[in-house]
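Engineer: Here it is: the structure, laid out below.
Residue numbers (the working numbering): 5 to 150.
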């Protein structure tokens with residue numbers, strides 16, 4: 005009886021360990037490949053639009069947008085605005101942008117065009133490397149609608 009209890013206990017521990025490993029592995033592969041909001045904000049901030057706005061003396065700020073009409077499963081959406089400008093002096097809006105959570109691609113949601121620059125490409129490489137985003141994953145998620 006004692007031997008059987010020991011075997012059952014060891015088997016149960018082994019199974020729990022395996023479940024824990026598989027659970028961690030699956031979370032790591034799915035979650036690790038998804039950008040954080042902070043990383044997405046950085047990509048928009050260093051985009052040519054943000055760079056141009058800062059060069060013009062604007063204080064670039066971003067606000068995460070949520071709406072049932074937006075594809076939030078695949079993108080983070082941002083309202084980008086000039087935090088320095090008084091609202092009564094005209095629009096503070098610089099633009100609306102989206103960052104693909106799976107590929108780190110930056111999109112202008114008004115023109116539906118992808119935005120890039122040498123700096124964006126460099127930051128994308130760092131972010132993609134840290135999340136183990138490879139070319140097959142980029143191809144898989146590249147065509148997701150805004």
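Where is the CB? At the ideal position from N, CA and C, for every residue including glycine.
This one's a predicted model, so the numbers in the text were calculated from it and none came from an experiment.
Does the beta-carbon of residue 70 have 16 or more other beta-carbons within 10 angstroms, so that it is buried, or is it exposed?
Structural biologist: As a first step, residue 70 is located in the chain shown; it is residue number 66 there, counting from the start. Classification for residue 70: exposed.
Engineer: Determine which residues share a DSSP beta bridge with residue 112 and list them.
Structural biologist: Reading the chain shown from its first residue, position 108 is the one you call residue 112. Note: residue 112 sits in a beta bridge opposite 101, 117.
Engineer: Can you list the beta strand (DSSP E) stretches of 3 or more residues lying completely in the region 51-85, in chain order?
Structural biologist: List check, beta strand (DSSP E) in window: 64-69.
Engineer: Cutting at 7 Å between CB atoms, please list the residues of its own chain near residue 142, excluding the five before and the five after it.
Structural biologist: Here residue 142 refers to the residue found at position 138 of the chain shown. Counting only Cβ-Cβ distances below 7 Å, and skipping sequence neighbours, we find 107.
Engineer: Could you check the C-alpha separation between residue 54 and residue 79 for me, to the nearest Å?
Structural biologist: In the chain shown, counting from the first residue as 1, residue 54 sits at position 50. In the chain shown, counting from the first residue as 1, residue 79 sits at position 75. Residue 54 and residue 79: Cα-Cα distance of roughly 19 Å.
Engineer: Looking at the unbroken alpha helix (DSSP H) that takes in residue 122, where does it start and where does it end?
Structural biologist: For this step, residue 122 is matched to residue 118 along the chain shown. Looking at the DSSP string, the run of the alpha helix (DSSP H) that includes residue 122 is 122-134.
Engineer: Could you tell me whether the Cβ atoms of residue 110 and residue 50 are closer together than 7 Å?
Structural biologist: In the chain shown, counting from the first residue as 1, residue 110 sits at position 106. In the chain shown, counting from the first residue as 1, residue 50 sits at position 46. No, these two residues do not count as a Cβ contact at 7 Å.
Engineer: For residue 87, which of helix, strand or coil comes out of DSSP?
Structural biologist: Taking the first residue of the chain shown as 1, we reach residue 87 at position 83. If DSSP states are grouped into helix, strand and coil, residue 87 belongs with coil.
Engineer: Have a look at 77, 61, 66, 47 and flag the residue whose alpha-carbon is nearest the alpha-carbon of residue 145.
Structural biologist: Position 141 of the chain shown holds residue 145. Residue 77 is the option with its Cα nearest to residue 145.
Engineer: Is DSSP giving residue 149 helix, strand or coil here?
Structural biologist: Within the chain shown, numbered from 1, the residue matching residue 149 stands at position 145. Correct three-state label for residue 149: coil.
Engineer: When burial is assigned at 16 or more other CB atoms within 10 Å of the CB, is residue 43 buried or exposed?
Structural biologist: Residue numbering aside, residue 43 sits at position 39 when the chain shown is read from its first letter. Under this definition residue 43 is a buried residue.
Engineer: Is DSSP giving residue 137 helix, strand or coil here?
Structural biologist: As a first step, residue 137 is located in the chain shown; it is residue number 133 there, counting from the start. Residue 137 falls in the coil class under three-state DSSP.
Engineer: So for residue 44, helix, strand or coil by DSSP?
Structural biologist: Position 40 of the chain shown holds residue 44. Reduced to three states, the DSSP call for residue 44 is helix.
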